[in-house]
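Engineer: Protein chains in written order, with the numbering used here: chain Z, 55 to 291; chain V, 55 to 291.
Idealized CB from N, CA, C, for every residue including glycine.
Please read these numbers as outputs of a predicted model, since none were measured by experiment.
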DNA sequence: CAGATTATTATGTATAGACATAATTGCAGA
DNA sequence: TCTGCAATTATGTCTATACATAATAATCTG
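1) Using the Cβ count rule (16 or more neighbours within 10 Å means buried), how would you classify residue 28/V?
2) Please state whether the Cβ-Cβ distance between residue 171/V and residue 272/V is less than 7 Å.
3) For residue 126/Z and residue 113/Z, which I take to be in contact (beta-carbon distance under 8 Å), what is that distance rounded to the nearest angstrom?
4) Given 8 Å as the limit, is there contact between the segment 265 to 282 of chain Z and the segment 192 to 199 of chain Z, that is, 3 or more CB pairs closer than that?
5) Output needed for residue 161/Z: all residues of its chain with C-beta closer than 7 Å, excluding positions within five of it in sequence on either side, in chain order.
6) For residue 222/Z, which of helix, strand or coil comes out of DSSP?
7) Is residue 192/Z closer than 7 Å to residue 262/Z when the C-beta atoms are compared?
8) Measure from the C-beta of residue 85/Z to each C-beta in chain V and report whether the shortest distance is under 7 Å.
9) Check whether chain Z comes within 7 Å of residue 235/V, counting only Cβ atoms and requiring the distance to be less than that.
10) Would you kindly report the start and end of the unbroken alpha helix (DSSP H) that includes residue 267/Z?
11) Using Cβ-Cβ distances below 8 Å, what residues of the segment 111 to 141 of chain Z are close to chain V?
12) CB-CB under 6 Å to residue 81/V, same chain, minus the five flanking residues each way: which ones, in chain order?
13) Measuring alpha carbon to alpha carbon, tell me which residue in 215/V, 164/V, 129/V and 75/V is nearest residue 151/V.
14) Report the three-state DSSP secondary structure of residue 147/V (helix, strand or coil).
15) Which residue marks the beginning of the alpha helix (DSSP H) containing residue 173/V, and which one marks its end?
16) Straight-line CA distance for residue 118/V to residue 84/V?
17) Using a cut-off of 9 Å between C-beta atoms, extract the partners of residue 283/V located in chain Z.
18) Could you tell me if residue 164/V is buried or exposed, where buried requires 16 or more neighbouring beta carbons within 10 angstroms of its beta carbon?
19) In chain order, what residues of the same chain have a beta carbon less than 6 Å from the beta carbon of residue 96/Z, not counting five sequence neighbours either side?
20) Could you check whether the Cβ of residue 287/V sits closer than 7 Å to any Cβ belonging to chain Z?
21) For chain Z, check one thing: does any of its Cβ atoms lie closer than 7 Å to the Cβ of residue 255/V?
22) Do the CB positions of residue 265/V and residue 225/V come within less than 7 Å of each other?
23) Taking Cβ-Cβ distances shorter than 8 Å, what residues in chain Z pair up with residue 228/V?
24) Taking residue 75/Z as the query, report the chain V residues whose CB atoms sit under 7 Å from its CB, ordered along the chain.
25) By the 10 Å Cβ neighbour count, where 16 or more other Cβ atoms means buried, how is residue 240/Z classified, buried or exposed?
26) DSSP three-state call for residue 99/V: helix, strand or coil?
27) Taking 7 Å as the threshold (C-beta atoms), are residue 131/Z and residue 137/V in contact?
28) To the nearest angstrom, how far is it from the Cα of residue 55/V to the Cα of residue 109/V?
29) Closest to residue 188/Z by C-alpha separation, out of 144/Z, 167/Z and 258/Z, would be which residue?
30) If you follow the beta strand (DSSP E) that residue 233/Z is in, where does it begin and where does it stop?
31) Could you tell me which chain V residues have their CB closer than 7 Å to the CB of residue 81/Z, listed as they occur along the chain?
32) Buried or exposed for residue 190/V, going by 16 or more other Cβ atoms inside 10 Å?
33) When the cut-off is 7 Å and only beta carbons count, does residue 100/Z lie next to chain V?
34) Given residue 245/Z, which residues of its chain have a CB within under 7 Å of its CB, disregarding the five upstream and five downstream residues?
35) Would you say residue 108/V reaches chain Z, if we count a Cβ-Cβ gap shorter than 7 Å as a contact?
36) I'd like to know if residue 165/Z contacts chain V, where contact means its C-beta is closer than 7 Å to some C-beta of that chain.
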């Protein structure tokens, strides 16, 4: 008996975390139910629910109706990354942003692109490639295909001064998507644009976005050597 | 007046999303307050709060006390990645897992490592390097330094059959940490271990974990060519 | 008029009670 | 014994009300 009453959901969260850390509730343990915990902590069940739900969202607890709440066996660390618009990514580092369009054309996409975008391989799509600069130095190559069925307004744009990256976020909303991170060797063309040598390791981000049932755009962002993404993990506490 | 009543927080969330998409509330708009929305939707304020809070966590809305709730200007896409234990990462792909320890020794860490781990450069730390295999093929090189002040029990382990990766998660808890993703060129040693050529692009993940005020471990995971991390973005809807 | 103080307001959170829902458990019938 | 239905149970959620808190707006004072 602690005798103390925890009256905020944060305090309850901390106490639950403390017990998990202290191995009072080792991984795999089914912890007492909400009603019992509420009684022990001297608070309402809703408050306990709030605390446990937040921990479940972080991947520390696993909850299932009727089965109860258990401490996750493999506490996978969950990292949330914010992927800003490229301009923002650069200006947030206190550097000046530059943009240079390389090409913009409506053309027949390669078979693989057509398949990924779920469009008829015989129909056209908008292809835009551009270079984003940080302090006059090349930062990232943007190679993008836009589904004109979903975003017909894109055909009227030339993306000469405004990047497709920015135009899309303020014009064509998306409901969901997927993102992929890889390391690749720079092609001859990429190397030249990024002022590096062919075969140099580049960080590649591929994004595919959807608006409900339709694909919006497929973007391949190719970051030069030295680029890294950093974020925090674990309980922000 | 819609006349319809939205009685679940999910329905309210959907309706708010619909209005944002339909540009009824374009980016930057301050939306009506919770009380008014509750009245309009015919539900309790707590229900509206639940819906809006979830959207704020996703980065779609920005909320501040008194100032109100506004639609985010730059809807940064937020991706949450689950970083599992390496064994799990491999077995979840339906492949067999193999482990091979390369070295394990208590020694004086390089200056940079000591600084990152916040330990006295004159004191020792535990260094472990290992190779994780997927279907007998090299998958990732683990190069790790463990702070023996925080995890003294690690000194008694030889990590011959159980990887430090797994031993740590079940033995030494951590409260928070940071993670970094980069592309790098394989060194001669890394190339040999990963059965590739020196200079080949490798995907590098660096993780530093803390337990309250003390560092626990610094791990560098070096994934062979072809490796990629994929995750979803946007509203899981 | 500047600066400090107070009022207002929107979000944040707690509570008690109720009902909804999913999933397990156990019982009953074939 | 196996199958299927029903009881149980823990989480999930909604409501109405209340108070806390932070930040802005308004007001008062030197």
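Structural biologist: Working from what's here:
1) Look at the range of chain V in this structure, 55 to 291, and you will see that residue 28/V is not part of it.
2) Annotated as proximal: residue 171/V and residue 272/V, with beta-carbon spacing under 7 Å.
3) Their Cβ separation, rounded to whole angstroms, is 6 Å, which keeps residue 126/Z and residue 113/Z in contact under 8 Å.
4) Result yes; three or more Cβ-Cβ pairs closer than 8 Å.
5) By the criterion of a C-beta distance shorter than 7 Å, residue 161/Z is surrounded in its chain by 178 and 181, once the five residues flanking it on both sides are discounted.
6) Reduced to three states, the DSSP call for residue 222/Z is helix.
7) Their beta carbons are not under 7 Å apart, which means residue 262/Z does not touch residue 192/Z by this criterion.
8) For residue 85/Z, the answer is no, since every Cβ of chain V falls outside 7 Å of its Cβ.
9) Judged by the 7 Å Cβ criterion, residue 235/V is in contact with chain Z.
10) Boundaries for residue 267/Z: no alpha helix (DSSP H) harbours it, and the DSSP string shows neither H nor E there.
11) Taking 8 Å as the upper bound on Cβ-Cβ separation, chain V lies near residues 113, 128, 129, 130, 131, 132, 133, 134, 135, 136, 137, 138 and 139 of the segment 111 to 141 of chain Z.
12) Cβ neighbours of residue 81/V beyond the five flanking positions: 125 and 127.
13) Considering only alpha carbons, the answer is 215/V.
14) If DSSP states are grouped into helix, strand and coil, residue 147/V belongs with coil.
15) For residue 173/V, no alpha helix (DSSP H) segment is defined, and its DSSP state is neither H nor E.
16) Between residue 118/V and residue 84/V, the C-alpha separation is close to 11 Å.
17) Neighbours of residue 283/V on chain Z, chain order: 233, 234, 235 and 236.
18) Counting every other CB atom within 10 Å of its CB across the protein chains shown gives residue 164/V a total below 16, marking it as exposed.
19) The residues are 59.
20) Chain Z contact via Cβ: present.
21) So yes, residue 255/V belongs to the interface.
22) Taking the C-beta atoms as reference points, residue 225/V is found no nearer than 7 Å to residue 265/V.
23) Within 8 Å Cβ-Cβ: 288.
24) Neighbours of residue 75/Z on chain V, chain order: 227.
25) Under this definition residue 240/Z is a buried residue.
26) In the structure shown, residue 99/V sits in a helix (DSSP, three-state: H, G or I).
27) If you check the CB distance, residue 137/V and residue 131/Z come in under 7 Å.
28) For residue 55/V, the pLDDT reaches just 46, beneath the cut-off of 50, and the residue's location in the model is therefore unreliable, leaving the point undetermined.
29) The option with the nearest alpha carbon to residue 188/Z is 144/Z.
30) Counting along the chain, the beta strand (DSSP E) containing residue 233/Z begins and ends at 230 to 239.
31) In chain order: 224.
32) Here residue 190/V is exposed: its Cβ has fewer than 16 other Cβ atoms, across all protein chains shown, within 10 Å.
33) Closer than 7 Å: no.
34) Taken in chain order, the residues that qualify are 251, 252 and 254.
35) Taking Cβ atoms only, chain Z never reaches closer than 7 Å to residue 108/V, which makes this a no.
36) For residue 165/Z, the answer is no, since every Cβ of chain V falls outside 7 Å of its Cβ.
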